[in-house]
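Chains as they are written, first to last, in my numbering: chain A, 251 to 454; chain B, 251 to 454. Virtual Cβ for every residue (Gly too), placed ideally from N, Cα, C.
There are 2 protein chains.
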Amino acid sequence: MGRHREFDVEKALDAALCVFWRKGYEGASYTDLTEATGVERPALYSAFGNKEALFRQALDRYCERYFDYLPEALDRPTARDVAARILYGALDLNTRYPDHTGCLVINGALAGSDEAEPVRQTLIEARAVAETQLRERFERARAEGDLPQTARPEALAAFLMAVTHGMAVQAKAGFSRDRLEAVAEQALSAWPAGSSEISGTSRA
Amino acid sequence: MGRHREFDVEKALDAALCVFWRKGYEGASYTDLTEATGVERPALYSAFGNKEALFRQALDRYCERYFDYLPEALDRPTARDVAARILYGALDLNTRYPDHTGCLVINGALAGSDEAEPVRQTLIEARAVAETQLRERFERARAEGDLPQTARPEALAAFLMAVTHGMAVQAKAGFSRDRLEAVAEQALSAWPAGSSEISGTSRA
DNA sequence: GTCTTTTCATAATGACCGTTATTAAACCAC
DNA sequence: GTGGTTTAATAACGGTCATTATGAAAAGAC
């Protein structure tokens with residue numbers, strides 16, 4: 251019983267997600283959030299908890315809905331295909347929405363006040379999870395002969411993450427899709443060929 | 251005539267620079283700045299102007315004092331040496347100071363409130379300047395046969411910037427020097443060899 | 001209908017933000 | 001010394017921050 255909620259919680263979360271994506275955790279004010287969601291402050295609090303809780307729910311949603319190319323990439327048959335899917339997935343996500351470019355996990359909180367430290371750590375952890383999955387995938391690839399024995403899976407994973415992070419920074423700076431595509435191609439051109447591949451023929 | 255300034259303006263600027271480096275433009279409060287500099291608010295205003303002006307002076311100082319490996323890199327004889335110096339310079343700068351890791355030009359303002367927009371644009375411009383210098387250097391390198399004719403200087407410059415940006419993000423996340431060195435090495439391993447070089451022998 | 005419960009909108013909370021009056025102290029010229 | 005000028009420290013400014021108290025409105029239960 252009781253009065254019914256008049257707004258769509260999912261839509262409100264999507265709107266809040268976009269605000270955080272564009273302005274980051276600390277840069278987004280409740281004034282921004284109420285305007286974007288069309289929901290008054292107390293309603294946001296009752297539906298999501300405080301700002302940090304709201305951000306975490308937005309982050310979860312982001313990982314599910316937008317970062318979904320990661321599991322997809324990990325399923326690719328070769329390490330090079332995995333890398334290509336990661337790079338082009340990031341490229342696409344970082345430039346798809348003109349009014350919130352870049353990546354929420356990067357824009358969210360790179361540096362900030364001490365109050366934002368828990369959120370910053372959460373984002374670091376989120377990136378670490380992705381990097382670990384990539385490393386494990388590349389370890390498997392090396393075991394399968396898909397990467398040379400001299401390849402270093404942890405270095406490849408960290409390198410790939412670094413490039414996507416850099417692309418996110420550049421996308422937030424307004425880089426065009428074409429310029430970022432050149433970055434992705436250059437990153438991929440360095441990819442080590444496995445014994446089971448003819449060098450330089452594999453492509454996403 | 252009049253009373254003498256009791257604090258060292260240069261030292262205060264250095265201290266403020268470190269605060270901005272660690273917390274970014276918006277994350278740094280005047281409470282942080284007064285504590286770090288040992289200078290009261292009104293004295294900071296009289297010496298540097300407002301917060302934005304103070305940040306810009308800190309940024310200028312940063313470029314002179316810490317980003318000095320860029321001109322040094324541009325003077326290297328080969329494009330690969332330039333790239334290596336950039337990567338290892340960034341690696342070193344991003345990890346040299348444990349209490350303000352990463353890069354001021356990245357940490358300063360990636361995303362934020364609308365009020366920080368002018369500062370954000372200034373940092374974007376600073377990165378664009380560096381990228382342009384790199385691109386021009388690589389164009390020269392291609393003309394000199396130091397890079398293959400098929401090489402794309404603008405892509406190489408953007409790629410190099412992306413990797414250093416990514417390394418800055420990772421350094422701010424607490425990555426060790428070793429892990430970042432692996433990223434730099436991986437980035438360098440992709441470097442195209444010029445007709446005047448024996449492939450894969452050049453090293454920083 | 002009335003009661004209970006939940007949501008709604010308005011507006012207030014204390015804290016901190018960047019920025020400045022204000023006043024006392026220190027210095028040089030004379 | 002005295003006057004004029006600059007800096008120093010204290011404390012205040014209005015504004016915005018995240019958060020919440022308050023009371024009206026809406027819905028089901030009885």
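Are there 16 or more other CB atoms within 10 angstroms of the CB of residue i, so buried, or fewer, so exposed?
i, result
"A/Asp396", "buried"
"B/Asn300", "exposed"
"A/Ala504", "Only positions 251 to 454 of chain A appear in this structure, which leaves residue 504 of chain A out of reach."
"B/Gly277", "buried"
"B/Trp441", "buried"
"B/Arg459", "Here chain B comprises residues numbered 251 to 454, so residue 459 of chain B is not present and cannot be evaluated."
"A/Gln371", "exposed"
"A/Glu431", "buried"
"A/Gln436", "buried"
"A/Gln420", "buried"
"B/Thr345", "buried"
"B/Thr281", "exposed"
"B/Tyr312", "buried"
"B/Thr284", "buried"
"A/Thr414", "buried"
"A/Gly339", "buried"
"B/Gly352", "buried"
Indicate whether residue i and residue j have their beta-carbon atoms separated by less than 8 Å.
i, j, result
"A/His350", "A/Arg272", "yes"
"A/Ala391", "A/Ala303", "no"
"A/Met251", "B/Gly416", "no"
"A/Leu320", "A/Ala380", "yes"
"B/Ala293", "B/Ala266", "no"
"A/Lys261", "B/Ala361", "no"
"B/Pro403", "B/Glu389", "yes"
"A/Ala408", "B/Val433", "yes"
"B/Leu341", "B/Arg387", "no"
"A/Ala366", "A/Tyr295", "no"
"A/Ser363", "B/Ser279", "yes"
"B/Ala308", "B/Val259", "no"
"A/Phe305", "A/Phe270", "yes"
Along chain B, which residues have their Cβ under 9 Å away from the Cβ of residue i?
i, result
"A/Ile356", "Leu360, Ala361 and Val419"
"A/Arg377", "Val419, Gln420 and Ala423"
Going along chain B, which residues have a C-beta under 8 Å from residue i?
i, result
"A/Gly274", "Leu360, Ala361 and Gly362"
"A/Val433", "Ala405, Ala408, Phe409 and Ala412"
"A/Gly277", "Glu276, Ala361, Gly362, Ser363 and Ala366"
"A/Gly299", "Those do not exist, as A/Gly299 stays about 22 Å from chain B at its closest Cβ, beyond 8 Å."
How would you list, in chain order, the residues of chain B whose beta-carbon sits under 7 Å from the beta-carbon of residue i?
i, result
"A/Leu406", "Gln436"
"A/Ser439", "Ala440"
Would you mind telling me which residues of chain A sit closer than 9 Å to residue i, beta carbon to beta carbon, in chain order?
i, result
"B/Ile374", "Lys422, Ala423 and Gly424"
"B/Arg429", "Glu404, Ala405 and Ala408"
"B/His254", "Within 9 Å Cβ-Cβ: nothing; B/His254 doesn't reach chain A, min ~34 Å."
For a contact meaning CB atoms closer than 7 Å, what does residue i contact in chain A?
i, result
"B/Arg402", "Ala432"
"B/Ala308", "Here the premise fails: no neighbours, minimum Cβ distance about 14 Å."
Since residue i meets chain A, which of its residues come closer than 8 Å, beta carbon to beta carbon?
i, result
"B/Gly395", "Near B/Gly395 there are no residues of chain A at all, since even the closest Cβ is about 20 Å away, more than 8 Å."
"B/Gly288", "Going along chain A, no residue has its Cβ under 8 Å from B/Gly288, so there is no contact; the nearest lies around 19 Å."
With a threshold of 7 Å (Cβ to nearest heavy atom), would residue i be considered close to the ligand MG?
i, result
"A/Ala432", "Ligands are entirely absent from the displayed structure, and the ligand MG is therefore not among its contents."
> Taking one C-beta from the stretch 356-372 of chain A and one from the stretch 334-343 of chain A each time, how about it: are there three or more such pairs within less than 8 Å?
Replying inline: Fewer than three beta-carbon pairs drawn from the stretch 356-372 of chain A and the stretch 334-343 of chain A are found closer than 8 Å, and the two stretches are therefore not classed as touching.
> In chain order, which alpha helix (DSSP H) runs of at least 4 residues are fully inside the stretch 326-380 of chain B?
Replying inline: As summarised for the stretch 326-380 of chain B, the continuous alpha helix (DSSP H) elements at least 4 residues long and confined to that stretch are 329-346 and 354-357, given in chain order.
> Can you list the alpha helix (DSSP H) stretches of 4 or more residues lying completely in the stretch 282-334 of chain B, in chain order?
Replying inline: Qualifying alpha helix (DSSP H) stretches, in chain order: 291-298, 301-315 and 319-324.
>> To test your reading of the DSSP string, which unbroken alpha helix (DSSP H) runs of 4 or more residues are found completely within the stretch 392-431 of chain A?
In response: Listed in chain order, they are 403-422.
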